[in-house]
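Participant:
Number of protein chains: 4
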Amino acid sequence: MKHVSNDYLKELITEYRPYTTKGEVMADLPCLDNQNQNDLGIAMIDMDNQIYKAGSTDLSFSLQSVSKIISLMVALQDLGEEKVFQTVGMEPMGDFFNTISHLESNDVHRPYNPMVNAGAIAICSLIKGDSVQERFERIMSMLKTITNNENISYDNSVYQAEKRKGDRNRALAYYMSSTGAVALDPEEALDLYFRINSISFTVEDLARVGLFIANGGKLLNDNEQLISDKHLQTLQAIMMTSGMYNESGNFAVKVGFPCKSGVSGSIVSVVPGRYGIGVIGPAINEKGNSVGGGKILERLSSDLNLNLFSHSI
Amino acid sequence: MKHVSNDYLKELITEYRPYTTKGEVMADLPCLDNQNQNDLGIAMIDMDNQIYKAGSTDLSFSLQSVSKIISLMVALQDLGEEKVFQTVGMEPMGDFFNTISHLESNDVHRPYNPMVNAGAIAICSLIKGDSVQERFERIMSMLKTITNNENISYDNSVYQAEKRKGDRNRALAYYMSSTGAVALDPEEALDLYFRINSISFTVEDLARVGLFIANGGKLLNDNEQLISDKHLQTLQAIMMTSGMYNESGNFAVKVGFPCKSGVSGSIVSVVPGRYGIGVIGPAINEKGNSVGGGKILERLSSDLNLNLFSHSI
Amino acid sequence: MKHVSNDYLKELITEYRPYTTKGEVMADLPCLDNQNQNDLGIAMIDMDNQIYKAGSTDLSFSLQSVSKIISLMVALQDLGEEKVFQTVGMEPMGDFFNTISHLESNDVHRPYNPMVNAGAIAICSLIKGDSVQERFERIMSMLKTITNNENISYDNSVYQAEKRKGDRNRALAYYMSSTGAVALDPEEALDLYFRINSISFTVEDLARVGLFIANGGKLLNDNEQLISDKHLQTLQAIMMTSGMYNESGNFAVKVGFPCKSGVSGSIVSVVPGRYGIGVIGPAINEKGNSVGGGKILERLSSDLNLNLFSHSI
Amino acid sequence: MKHVSNDYLKELITEYRPYTTKGEVMADLPCLDNQNQNDLGIAMIDMDNQIYKAGSTDLSFSLQSVSKIISLMVALQDLGEEKVFQTVGMEPMGDFFNTISHLESNDVHRPYNPMVNAGAIAICSLIKGDSVQERFERIMSMLKTITNNENISYDNSVYQAEKRKGDRNRALAYYMSSTGAVALDPEEALDLYFRINSISFTVEDLARVGLFIANGGKLLNDNEQLISDKHLQTLQAIMMTSGMYNESGNFAVKVGFPCKSGVSGSIVSVVPGRYGIGVIGPAINEKGNSVGGGKILERLSSDLNLNLFSHSI
């Protein structure tokens, strides 16, 4: 079995960089553009707080759908599982993440899960706070603690773009409001959703988030339980079944540990009790997932025996 | 943390038996009827081959959808992952297991995964053998080896009932034939499908199958790799995302290890590297899963720290 | 064969009033409420400008979906058929009028036809005018001419209610905007849509609109072709296939001439070259159509041999 | 206004023959092949029994979906409207004629209407007779009377091909059987369905069927009411809303009288009280309708003022 090292990760970046040509950088997202087509970076942190990095580690990108695990984490802590899952389901779905039909076709008009856009917008409506601003600051504060990075901020140009091209998400929010399945103020929920999508991260920040989950909701060397252990098991189960859009089954098979991707080409991964991993590779496939990032995670899983379904883990 | 023992399992059976009143025994399945409403049984085997049992351990039931993991296992061994997943997808789906619409709505008209009826019928068409009889005997032979039970047989009355009330499955098979997405002989594929659904098991047989998977494809105390380790990781990932019908997400969250259920009220579970588990509880909920069985697995996961997403496993 | 007379219509009202107990008055629409449960009224005008009336002829109600034929008529006149039907289809659809799934499932994401909400909102975006106000005034002006009623106005309380409970329609508008299938300003299109839904009519006004269509786009005793004859044939064909929500097939069979209903319980009908008919009966069935109104039209068709598919018309 | 004559029809054939290059002859149907790409023929009979013909009037073709109006006509006569429409709906549907999803998505799992394959198969199960053979003979006997052509027969090679490539229709039949929405013997219903699809016609035979409907269910110069007048109004309404696959709305707008097409490129049309029309043009568009045939009907409607929605008919 291989061992993690900076050199090892560097080799992987070199080996899988050619795959970046097989995807496309998401159009219309400020910050990333065609110049980032071949970027590929990774950070990996173990439970001894040892960090390994390679590739585009300085690249800053917006969270996009990775924010869905942040908002779910906060909502679970705010309200508990029972209340959260009265509003949003926890079942995987075979359709695209921005589908609206699934809200119409199921009897209760509830989003299938918190990883699809409708679900994440609904989750945003649950987070505690007297205003969008206050809710956003609570999330930012949590993220700064988890990443141990006081400089986490959001990218206003991305936020403005999200609002400008947000009609599909508006449709989802208004549809949910119309059925009464989710009692939300559409514009407020969308505003928070657009803002957290616009938070800027590096792969190390991603890896810190992954590590926090992998460590069961505590910072390393700290006894404070910031988020309940049980909630994070729930979060990981949902990442495993639904975290990679309608390629989640493929990742469960090929990678075998919980991941969540964003259309910026980022992926945050959790190997419970072992690693937090962050990957960036802006060239994404037609499902919305980083092409190079997916290949690297598959290889890591195999080389380091990280597949949760392995009998010899 | 609790430890497994016959007494512990007996306590669980007693505690959760009242839940059997909340489900219904599947109508029209010979063998099981309303007299089995309150049956509840479990067997659990660890890697030292120690077996623990309680409740309705003598009850014989037909595999029903549990057969879907058997046929997938054999097909993967026969043809490899590439070929199998050209025919059937590996993505979870939010709809009911016997849905036909999903075959029409996706561009390639392929079953979403091998755990839905259409997928399992397609998988049956892939298994090697010159005749349905030969294919069936290969599967039976494999099962006898895995369960170490030469007496495994199929229940002809169930098989006849499956054929008699099999029009939904016929529709699925003929539909797949009509689109050409799956090159199958509908009647042959259905015949094998109906037969393996009719195989009779006890909870110990189920637990043996679970243990074989948990042990990575070898019998305990044997070095022969009967099924590739990688194929069984694939199988478990698919069980995790799709094994419990459209309640799979719920089981991933609440139980956190791979399970596969059948409408006979049986569930086979795998805790990789640790346990094989078999449960029977014929009273099923509207999703098709054993009510009492589900509650017991949830409790076991919690008591014994079996959730794969736990950081302290 | 019967002949139309006030007495004859009065008999029909008496005979079919009991059917008003089988429907429900649309909740949340100002103006009409449970006190209107048993209202039933009809006006019928022939090509000699002879008007026959009976029942609740003074009852004022909002157009609701009847406005869909007004906006289509104006859009056809403004832009011609080619342009209009590039934006909205002309095919009937089996689903409910406020469905959003159909926009997602068809390849071009176009509304199926101008009689479903999405289609009517799209049509509103096509009507010429520099502002919503100007477009609305053009429509009002046309309606005043057609009905020969200078007092036609809109009900502000209905308009405000439409806006307040309009989230489903907002979802439709934003969804269309998001796919780019319809180049519309969602809020402007919705504003016009809500306004024309709120226009107040009586059954005589409805009958005048029907008569105008039945006369091929001219006022009686006037040579001016206000709307092209061909456009009105198109309009009638669409009313016939899609005018009565997902009960359109049933009305084509039972009534056999073009009709358009609104959830206020109104129906406008056209017997080409013969009659314009207006009906009001606020008690509607689960499809959205006036229960008593439907029965009266079915009887009229039979008594007066109005079915277009009759060989002896 | 133009008048019908052989010369006039000949001009139309010449003018619209170029459109035959824009379609494709249905593959896999014996009898018609690429040699028939440019065939185009028409027959038109008025109420004085005057027949006008031009083009490929000798071409023999199989009825295909035109048979759906024959079986509906017989079923209505056998059982009455109430019973027939308890089994099959009468609402148009926006999807393709061979769709299976619509059976799953609606609550009662009933075919939307008798013009889609599922509906027509269900209708076949209703027709009276002790055997498929007897039912088929009853239909043939009716057709021979209506067409005044004792030589009407079915093409065994087409029938065999229908059976051989009939898996989609088998899926529909078995699906309906599985839901219990239609109490049918799938193989028997399919056998009758395949046989009547294989009946050979010429355009004159088609026109005779159209004329019979246009005359309200009597042969010209005969007082016997073979099929009830009301049933034929129902049939025409269903043709108008659903007869031309998912191009029915387009035909209602462009042509404006009831038509029913088959994938052999045939169309039967009814102008109530005036004409029966038969058209053949094997080159069909992607919706399944004859390209040249559609153009000719549109022109006829306009030239001869046949649109039922015309005020001056």
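The listed protein sequences correspond, in order, to chains A, B, C and D. For the first sequence, full-length UniProt numbering gives the first residue as 1, with consecutive numbering after it. For the second sequence, full-length UniProt numbering gives the first residue as 1, with consecutive numbering after it. For the third sequence, full-length UniProt numbering gives the first residue as 1, with consecutive numbering after it. For the fourth sequence, full-length UniProt numbering gives the first residue as 1, with consecutive numbering after it. A virtual CB, placed ideally from N, CA and C, is assigned to each residue, including glycine. All values reported here derive from a predicted model rather than from experimental measurement.
#1: Within 7 Å of any Cβ in chain D, is that where the Cβ of B:E188 sits?
#2: Provide the residue span of the beta strand (DSSP E) that contains residue 336 of chain D, from first to last.
#3: Quick one: what does DSSP say A:G276 is sitting in, helix, strand or coil?
#4: To the nearest whole angstrom, what separates the beta carbons of B:G262 and B:Q64, a pair I think is in contact under 8 Å?
#5: At the 7 Å Cβ level, is D:Y175 part of the contact set with chain C, yes or no?
#6: Find the residues of chain D that neighbour residue 316 of chain C, judging by a C-beta separation of less than 7 Å, and give them in chain order.
#7: Could you have a look at D:V203 and say whether DSSP puts it in helix, strand or coil?
#8: State yes or no: is the beta carbon of B:E104 nearer than 7 Å to at least one beta carbon in chain D?
#9: Under DSSP, the beta strand (DSSP E) around B:G55 begins and ends at which residues?
#10: Below 7 Å between beta carbons: does that hold for A:P272 and A:L32?
#11: Would D:S65 pass as an interface residue toward chain B - the criterion being a Cβ-Cβ separation below 7 Å?
#12: Distance check for D:Y16 and D:G23, CA to CA, integer angstroms please.
#13: In angstroms, rounded to a whole number, what distance separates the CA positions of A:I121 and A:A173?
#14: Pull up the distance between the alpha-carbon of D:S128 and that of D:I70, whole angstroms please.
#15: Spatial neighbours of B:S242 within its chain, please: CB distance less than 6 Å, with the 5 preceding and 5 following residues excluded, ordered by chain position.
#16: Using DSSP bridges, identify the partner residues of A:M44.
#17: Residues in its own chain within less than 7 Å of C:T202 by CB, not counting five upstream and five downstream?
#18: For C:Y154, which residues does DSSP report across the bridge?
#19: For the 8 Å Cβ check, are there 3 or more pairs between the segment 156-168 of chain C and the segment 211-225 of chain C?
#20: Measure the CB-CB distance between A:L79 and A:L126 and report whether it falls below 7 Å.
#21: Distance, Cα to Cα, B:E150 vs B:L143?
#22: Name the residue from D:Q50, D:A27, D:E11 whose alpha carbon lies nearest to the alpha carbon of D:L40.
#23: Does D:F136 have its Cβ less than 7 Å from a Cβ in chain C?
#24: With a threshold of 16 other CB atoms inside 10 Å of the CB of D:V66, please say whether the residue is buried or exposed.
#25: Residues in the same chain with beta-carbon distance under 8 Å from B:S312, minus the five sequence neighbours each way, listed in chain order, please.
#26: Would you report the Cα separation of D:T21 and D:V270, rounded to the nearest angstrom?
#27: From D:T147 to D:R138, what distance separates their C-alpha atoms?
#28: Roughly how many angstroms separate the alpha carbons of D:S266 and B:V182, rounded to a whole number?
#29: Output needed in chain order: residues of the segment 288-311 of chain D with a Cβ under 8 Å from some Cβ in chain C.
#30: Report all residues from its chain with a CB closer than 6 Å to the CB of A:I227; omit the five preceding and five following residues, and keep chain order.
#31: Measuring CB to CB, does B:I123 end up less than 7 Å from B:A75?
#32: With the cut-off set at 7 Å, would you say C:L190 and C:N169 are in Cβ contact?
#33: Which residues, taken in chain order from the segment 84-102 of chain B, show a beta carbon closer than 7 Å to some beta carbon of chain D?
#34: Distance, Cα to Cα, B:V255 vs D:Y175?
#35: If you measure between the beta carbons of A:L192 and A:F136, is that distance less than 7 Å?
#36: Mind checking who A:F61 pairs with in its DSSP beta bridge?
Facilitator: In brief:
#1: no
#2: This structure cannot settle anything about residue 336 of chain D, because the visible part of chain D is limited to 1 through 313.
#3: strand
#4: 3 Å
#5: no
#6: No statement about residue 316 of chain C is possible, as the shown extent of chain C runs from 1 to 313 and does not include it.
#7: helix
#8: yes
#9: 51-55
#10: no
#11: no
#12: 13 Å
#13: 7 Å
#14: Residue 128 of chain D is actually Lys in this sequence, not Ser. Using only the alpha carbons, I get a separation of about 14 Å.
#15: P92, N113, M115, S248
#16: A:Y52, A:I277
#17: T57, D58, L59, S60
#18: C:I199
#19: no
#20: yes
#21: 9 Å
#22: D:E11
#23: no
#24: buried
#25: N305
#26: 27 Å
#27: 14 Å
#28: 32 Å
#29: N307, L308, F309, S310, H311
#30: M73, Q77, G217
#31: yes
#32: yes
#33: T99, I100, S101
#34: 35 Å
#35: yes
#36: A:F201
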